[in-house]
Amino acid sequence: MRPAPFEYYAPTSLEEALRLLSEKEGAKLLAGGQSLLALMKLRLLAPTALIDLNRIRELRYIKEEDGWLLIGAMTIYDELEQSPLIRERYPALHEALYRLGDQQVRNRGTIGGSLAHADPSANLPPVMVALKAQMVAARAGGGRRVIQADEFFVDAFTTALEPDKEALVEVRLPPWPRGSGGAYMKLSKREIDFSIVEVAVQMTVGDDGGVKEARVVLGSVAPKPYRAVGAEEVLAGAKVDEGLAARAAEAGTRDLEPPSDVQASSWYRKEVSRVLVKRAILKAYARARGMEQ
Amino acid sequence: MSKAPPEIISLYTQDSSALTLKWLGKPLKPKEDYRLVRGRGTFVDDVQLPRMTYMAFLRSPYSHARIKRIDVSRAKSMPGVLLVWTGDDIKKRMRPLPQATPPPARNAIDYPLAVDKVRFQGEPVAMVVAESRYIAEDAVNQIDVDYEPLPAVVDAERALEPGAPLVHEEVGTNLIAHVHYKWGDVDYYFQHADLVVEAKFHYHRFTGAPLETNAVVADYDERADVMTIYCNNQAPMEWLPQLSAGLNMPYPKLRVVTRDIGGGFGTKLINYVYMILAALASKELKRPVKYMETRTENLQAAAHNAERTCTVSAAVRKDGTVLALRMRCVDDDGAYSRHEPAGMTVWAQVSTGMYKIRALENDYYAVFTNKCPSTSIRGFSRAPHLFMIERIMDRIARKLGMDPAEIRMKNLVGPEEMPYMTPSGGIYDSGNWPEGLRRALEAADYWGWRKRQEELRRQGRIIGVGVVVGSDSAGPNMAQVKMYNPGLPYTGGTEGALVQMTPDGKVRVILGSSPQGMGHETTAAQVVADVLDISYDDIYVQTGFDSFSSVYTMHSGTYGSRFAPIGLSAVYLAAARLKEKLAKMAAYLLKCPEGDVVIENGAARCAKDPQRSMELRRIARIAYGNVNELPPGMEPGLYSLAIFRPPFQNPDENRRANLALTYSYNVHVVVVEIDPETGMPKILSYTALEDSGRIVNPLIVDGQVHGAIAHGVAEALYEKYHYDEDGNLLNPTFVDYLAPTALEIPDMKVIHMETPSPFTPTGAKGMGEGGGTAVQAVISAVEDALAPLGGELGESHADPETILRILKGAARGKSEV
Amino acid sequence: MPQFKGSEVISAPRQAVWDFLTDPQRVGGCVPGLKSLQVVDSDHFNAEVQVGIGILRGTVKVKYEVVEKVPPERIAMRMDGSGVGSKALINATVELKEAQQGTQLDWVADVTVSGTLAGLGARYLNDIAFKTVSDIFKCTKEKLSK
Amino acid sequence: MSQELRHIRVKVNGQWYEADVEPRMLLVDLLRDVLGFTGVHIGCDTGHCGACTVIMDGRSVKSCMVLAVQADGSEIMTVEGMEKDGQLHPLQEAFWENHALQCGYCTPGQLMSAYFLLSRNPNPSEEEIRKAIEGNLCRCTGYVNIVKAIKAAALKMSSSKAG
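Residue numbers (numbering that gives the first Met the number 0), protein chains in the order written: chain A, 0 to 292; chain B, 0 to 816; chain C, 0 to 145; chain D, 0 to 162.
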């Protein structure tokens, strides 16, 4: 299958790309292309123009800035997955990257492309919400704004970015204090598949073993990342054991009404959501307590 | 039933005296692999011809609809578009495809492009030929079709009910064929059985999904009035009537060529519809036309297996002896009979599996539905037949409190009864099956696992162990089609080969087969080297098939695990005859009595006087050039052509016949663990024993076993087509059709027995399809895990949700479903 | 086949709502993402519509047909959409009842999607269909409430 | 519909090529149909099969998921570029010796993924090998001999470096 015709632009600066985006009616930004080109080949998408971001060096970096980790939108998964910094500080993100697509996809796909695509079953969105990441959006003329991950994902394949105006240029991961840990779990039939259910958990635990802060976020169960607030409430202040994790999981998934598709029914998604949330909480807690890497 | 009568045995037994056993059995590096690891294979899409054009299809979004209007005007007017055809254009150019079905199904009208009505989602409705693939696809999107959607029939059993929507009005029913056989005194055994065990099973819909999709390049040479078709069909000569009817050209004008084929697994038998369309377009445009199916088209509309729903009942004695079987089955063959309903009778005789079952009653129905047409996917026919028997064996064992391995051991045909004749007249050629089962159980540490299973269960872990026996009945007797359509002029099962020693003493081999990675160049060379006792490296086997140079019959091709028993037998015969001729020439040239000539290490010598010897290449030079030196009256040249014909017969008045030449044997032992909370299954251990007679090349045999296991595991746990009630196929891409990767397919342990077949000159048996044993084994293991909780699987596919529902239901004493 | 329901209370007399819904030019103008509209006759129009959620967008050709009219309380319509290798068939029935604030509009729609989209597990397709239909009547309400 | 062509330069298997291509042309079509590297195969539409995998600027990518224009100025290696002066690459040797292929259609892609793996992990575990080829479907071998071959090649390459 081959894509329909389109105009092609390969700007070398962000400003030029943003200008093109605002000028070209019906244009789309091309990042890694691992989803976009597939949809274009199937002719489910036929943008009039592609603005290729791959030649914009300034969008490809991983750097630290007063405790924050700043990631350029065009940084590929593989570079992130290989980063020791991310493996140590954000194990949930590392696991999500390790289990994202396959090596060829990780060699080409970018974090910005994935987040802007906002597929309800993609690995990264729930992790971003769990980590309290910030998304930096830019528009032509130098305008920039920061969007909290919680607000960034609006609906299936829909983000808070203003269509045809804004581009996601940077992802900012906040520092999590000592005593923090996270975990990502995904259930799928084949390892390479989009998840049937996925969970990202990030928490901070006090020296007394009580949970100071916890964020529990599911993917594939709603049009956008689902914060299991019920679970977070049960965890708050508690010392986590098997039983408590189970109660939190129960509370966190009670109100879920997941979609059904060819891979799994709503019933199955809800059942395994509870299981994955419980397991991810236990793993994240152990990590926060420094008991497991 | 019992040991086969002596006259039958002697009729089938083959002479193998020409073998030297110097080259058979060696793990020689496959000849094909050298070009393929360098990316130098020639697949259809690699054929590049001047002035090439490209074909693409508009396909039906509906599974069943009337075509009210097609507007191709916009597509036609696009620059670069050369031709746009609809069903009406095809109707003008060809007769409908010949139907192999009995009346009234024979009245079905089948064109490669839909005429008036579409009958399955993805059926081609219009075709475009353009200067590039890109333009062709652009144009397809500019074609407008008005459909009137019709109610779809997607359930085979409902398709037979009165008032069901008709897939083919002209047929007047959805029934394609019905057969009912009774072999042995079934009623007697059911009356006198201690118990009758009955169950209903569904064999699900999947496909082979070869990595190379269907492809064709048709090139009409106006000057010679010859149509050359480069294709990846597995048995092109089987479809000569279809091609000739479609193109209205005599066979000698049709040149059909296959080169390297990127896998087939049965899916590439019915791609002749593409061959016809590309050829018609090439004739019209006087330019070569290339078509390469997209993966979505391939998964949605190329070829699925036939689904089967069976009610199986077994008459059993308390001691576990299975006396007789009754099966009532309905096959879902999809929208057109392009290959099926063959599967319902092909190897129907293995309904009784590897067991001494005395009597069998088969009541089979094949029906049309609004789904993709079906064909013979790897494991064809014996897989669903054996699935039914192996599943019921497990159920019987559970009812009697026997171990599944024990009940199989009790009923297996014994070595003293070989060759064994089944109730339906099948002749199992050789093997020590109980010994094979013993060895497999030992290699898999079966009894150890049974113990661990108990211990782990106490720790809350759910382990299942499956043990299954099966056969890859191989080298089909096509006369079996007479069992549902006595009028069909298609019987036996033959193959041809040409072995020529060229004037330089090298050997050229041409086969009738169209291999897709089974190493025919390698194994044929090994047989020739073995018979002539010359170097493997001096033998050159032509890649693929070419109807202008290959030796073929209408059975020619690569399907039904037929190359080892039939193809290699033809190679053996041709080589043996060549050896005789060389001996005759040598006798004269060496002045040595013919009986004393020995052909060895590339030379002929006189046994009495070793001094008198001559290299074969010198004899070859004389045979072609220096012919006055030849014995007076002897025909020059060293060509040897052979067509191997097994002594097959037509089914007798009771429809009894031997329907395959060899019956390889396999035992699979699988251990699975189920995640109690998610239902996710994981294979912990996989062991397979294979006895496929004499092993020609262990590398190739093991590779085939690995592949068959991978397909079985995939079908049992990952690959299943989902149609909704409107006949929409919900998973037509690799996004949702879950072809497993290296992370899903487990490592596997393969062990061998090697019992030569008396019915083939090489002693080799057909193998590679594996008879679906892996599907049976995995499902058996999963059910074994669920059984203590009262869970049973009714299907050949078990996904985590199904398993979890059973676990939950069992836990709650009722199913969630 | 999923079925959707919805209702609007429109502050306009029933006859006005009826006139609006039976005027292809006006009701056509309410089809979301409308790119072009070509009125065939009082009961038929063809439209080109931009549909989709998020990035999953495509142009779809819609054939609109009135299949039943019971003035002024009932109208049944059929919308036949085709594009991106797929078909969407929407059968909608609208009931108009007098209400004190004006007219009560109740609608029911059956949606059948076939083809590539149905096959690509786009499990959010139903959302698209629902939004498309309900937007038509929301728009009707707005236009008439002015 | 027709489009203005882009002029691009690509270095394939050590040699520069120039071509004028439509922006929508996929890299795989450039390599196969324009430049004649037919060892690069097409097996699907959705980037799942990996048969079209090539090495682009040092990384394995699926050439059906990259536009030809995007490769402008890039260095690409296909299976045809693995041999050095008539000698098979150790991976090719190992695939042949272990019969790590049957139909051979997925083989070039498998080799490219294995090549990338060994380029940064000279002696991978079985798990790492399986993970490394998860983007390359094989329908013939059950992956058994592919995994075996990659192990064997890794051993051979590291020992030959050591020795």
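Glycine included, C-beta positions come from ideal geometry on N, C-alpha and C. Model, not experiment: these values are computed from the prediction.
Within-8 Å CB hit, F156 of chain A to chain D
Start at 1 with the first residue of the first sequence, and residue 156 of chain A comes out as number 157. No, F156 of chain A lies away from the interface with chain D (no Cβ there is under 8 Å from its Cβ).
Exposed or buried, which one is L34 of chain D when buried takes at least 16 other CB atoms within 10 Å?
In the fourth sequence, counting from the first residue as 1, residue 34 of chain D sits at position 35. Counting Cβ neighbours within 10 Å, L34 of chain D comes out buried, since at least 16 surround it.
Contacts of V734 of chain B in chain D (Cβ-Cβ under 8 Å):
Here residue 734 of chain B is taken as the residue at index 735 of the second sequence, counted from 1. The contacting residues are T45 and H47.
Indicate whether at least one CB of chain B lies closer than 8 Å to the CB of S264 of chain A.
Here residue 264 of chain A refers to the residue found at position 265 when the first sequence is read from its first residue. For S264 of chain A, the answer is yes, since a Cβ of chain B falls inside 8 Å of its Cβ.
Contacts around E141 of chain C, its chain only, beta-carbon distance under 6 Å, and the 5 residues preceding and following it disregarded
For the purposes of this step, residue 141 of chain C is identified with residue 142 of the third sequence, where counting begins at 1. Hits under 6 Å: none found.
Three Cβ pairs or more, each shorter than 8 Å: is that satisfied between the region 649-669 of chain B and the region 462-478 of chain B?
yes
Between B:A784, B:D701 and B:G624, which lies nearest to M679 of chain B when the distance is taken from Cα to Cα?
The residue labelled residue 679 of chain B in the question sits at position 680 within the second sequence. Nearest option by C-alpha distance: B:A784.
Listing by chain order, which chain B residues have their CB less than 7 Å from the CB of R111 of chain C?
On the third sequence, residue 111 of chain C is found 112 positions in, with the first residue counted as 1. Inspection of the sequence shows that residue 111 of chain C is occupied by Thr rather than by Arg. Residues of chain B passing the Cβ test: D725.
Please determine if the region 142-156 of chain B and the region 366-374 of chain B are in contact, where contact requires at least 3 C-beta pairs separated by less than 8 Å.
yes
Express the C-alpha separation of Q103 of chain A and K28 of chain B in angstroms, rounding to a whole number.
To locate residue 28 of chain B, count along the second sequence from 1; it is residue 29. To locate residue 103 of chain A, count along the first sequence from 1; it is residue 104. Going from the Cα of K28 of chain B to the Cα of Q103 of chain A covers about 30 Å.
The beta strand (DSSP E) spanning H751 of chain B covers which residue range?
As a working note, residue 751 of chain B is residue 752 in the second sequence. First-last of the beta strand (DSSP E) with H751 of chain B: K748 to M752.
Are the CB atoms of V668 of chain B and K30 of chain B nearer to each other than 8 Å?
As a first step, residue 668 of chain B must be located in the second sequence, where it is residue number 669. As a first step, residue 30 of chain B must be located in the second sequence, where it is residue number 31. Not in contact: V668 of chain B and K30 of chain B (Cβ atoms no closer than 8 Å).
What number of angstroms, rounded off, separates the C-alpha of A45 of chain A from the C-alpha of V80 of chain B?
Stepping through the first sequence from its first residue, residue 45 of chain A is reached at position 46. Stepping through the second sequence from its first residue, residue 80 of chain B is reached at position 81. Between A45 of chain A and V80 of chain B, the C-alpha separation is close to 20 Å.
Under the three-state reduction of DSSP, which class applies to N361 of chain B: helix, strand or coil?
For this step, residue 361 of chain B is matched to residue 362 along the second sequence. Looking at N361 of chain B - three-state DSSP - the assignment turns out to be strand.
Hey, how far is the Cα of Q2 of chain C from the Cα of S265 of chain A?
Counting from 1 along the third sequence, the entry for residue 2 of chain C is found at position 3. Counting from 1 along the first sequence, the entry for residue 265 of chain A is found at position 266. Rounded to whole angstroms, Q2 of chain C to S265 of chain A spans 18 Å at the Cα level.
For the alpha helix (DSSP H) that contains A396 of chain B, what are its first and last residues?
Locating residue 396 of chain B in the second sequence gives position 397, where the first residue counts as 1. Unbroken alpha helix (DSSP H) run through A396 of chain B: R381 to L399.
Mind checking the region 99-113 of chain A against chain D and listing, in chain order, the residues whose C-beta falls within less than 7 Å of any C-beta there?
D101, Q102, Q103, V104, N106 and R107
Applying a beta-carbon distance threshold of less than 9 Å, which residues of chain C neighbour P697 of chain B?
Mapped onto the second sequence, residue 697 of chain B falls at position 698. None at all; the shortest Cβ gap to chain C is about 42 Å.
Excluding the 5 residues flanking C309 of chain B on each side, which residues of the same chain have their C-beta closer than 6 Å to its C-beta?
Position 310 of the second sequence, counting from 1, holds the residue named residue 309 of chain B. Within the same chain, C309 of chain B has close Cβ partners F200, M326, C328 and M387.
Excluding five sequence neighbours on each side, which residues of the same chain lie with their C-beta closer than 7 Å to the C-beta of D154 of chain A?
The residue labelled residue 154 of chain A in the question sits at position 155 within the first sequence. So the list reads P222 and K223, once near-sequence residues are dropped.
Distance check for H179 of chain B and G5 of chain C, CA to CA, integer angstroms please.
Here the question's residue 5 of chain C lines up with position 6 in the third sequence. Here the question's residue 179 of chain B lines up with position 180 in the second sequence. Straight-line Cα distance between these residues: approximately 55 Å.
Determine the closest residue to E753 of chain B out of B:G435, B:I708 and B:Q13, with distance taken between C-alpha atoms.
As a working mapping, residue 753 of chain B is identified with position 754 in the second sequence. It is B:G435 whose Cα lies nearest to the Cα of E753 of chain B.
At least three beta-carbon pairs within less than 8 Å, the region 422-434 of chain B to the region 346-356 of chain B
yes
Give me the chain B residues within the contact set of S170 of chain C, using Cβ-Cβ distance strictly less than 7 Å, ordered along the chain.
Because residue 170 of chain C is not part of the residues shown, which for chain C are 0 to 145, the question remains open.
Is the distance from the Cβ of H554 of chain B to the Cβ of G486 of chain B below 8 Å?
Numbered from 1 along the second sequence, position 555 holds the residue referred to as residue 554 of chain B. Numbered from 1 along the second sequence, position 487 holds the residue referred to as residue 486 of chain B. Going by C-beta atoms, H554 of chain B is not nearer than 8 Å to G486 of chain B.
Run through chain B and tell me which residues come within less than 9 Å of L88 of chain C, C-beta to C-beta.
Numbered from its first residue, the third sequence carries residue 88 of chain C at position 89. Those are P148, listed as they occur along chain B.
Measuring straight from C-alpha to C-alpha, what distance separates A523 of chain B and V498 of chain B?
Translated into the one-based positions of the second sequence, residue 523 of chain B becomes position 524. Translated into the one-based positions of the second sequence, residue 498 of chain B becomes position 499. Each residue's alpha carbon lies about 10 Å from the other.
Could you name the residues of chain D that A208 of chain B contacts, counting a contact when the two beta carbons are closer than 9 Å?
Within the second sequence, residue 208 of chain B is the residue found at index 209, counting from 1. Near A208 of chain B (Cβ distances below 9 Å), the residues of chain D are L136 and R138.
Nearest to Y558 of chain B by alpha carbon, out of B:T344, B:A234 and B:A574?
Within the second sequence, numbered from 1, the residue matching residue 558 of chain B stands at position 559. Of the listed residues, the one whose Cα sits closest to Y558 of chain B is B:A234.
At least one CB of chain D closer than 8 Å to the CB of P4 of chain A: is that the case?
Residue numbering aside, residue 4 of chain A sits at position 5 when the first sequence is read from its first letter. Closer than 8 Å: yes.
Please check if any C-beta of chain B sits within less than 8 Å of the C-beta of Y104 of chain D.
As a first step, residue 104 of chain D is located in the fourth sequence; it is residue number 105 there, counting from the start. Output row for Y104 of chain D: interface = yes.
Apply the 10 Å Cβ neighbour rule to R144 of chain A and answer buried if 16 or more other Cβ atoms are within range, or exposed otherwise.
By 1-based counting over the first sequence, the position of residue 144 of chain A is 145. Exposed, because fewer than 16 other Cβ atoms sit within 10 Å of the Cβ of R144 of chain A.
Determine the burial state of G120 of chain C: buried for a count of at least 16 other Cβ atoms within 10 Å of its Cβ, exposed for fewer.
In the third sequence, residue 120 of chain C corresponds to position 121, counting from 1. Legend: pLDDT at G120 of chain C = 47, less than 50; position of this residue unreliable, value from coordinates given subsequently. Buried is the call here.
Boundaries of the alpha helix (DSSP H) in which V526 of chain B is found, first to last residue:
Here the question's residue 526 of chain B lines up with position 527 in the second sequence. Run containing V526 of chain B: H519 to L531, per the alpha helix (DSSP H) assignment.
With DSSP as the reference, label A606 of chain B as helix, strand or coil.
One-based indexing of the second sequence puts residue 606 of chain B at position 607. Residue state, collapsed to three classes: coil.
What residues are listed by DSSP as bridge partners for Q103 of chain C?
Residue mapping note: residue 103 of chain C aligns to position 104 of the third sequence, counting from 1. In DSSP, Q103 of chain C forms a bridge with C:V8 and C:K96.
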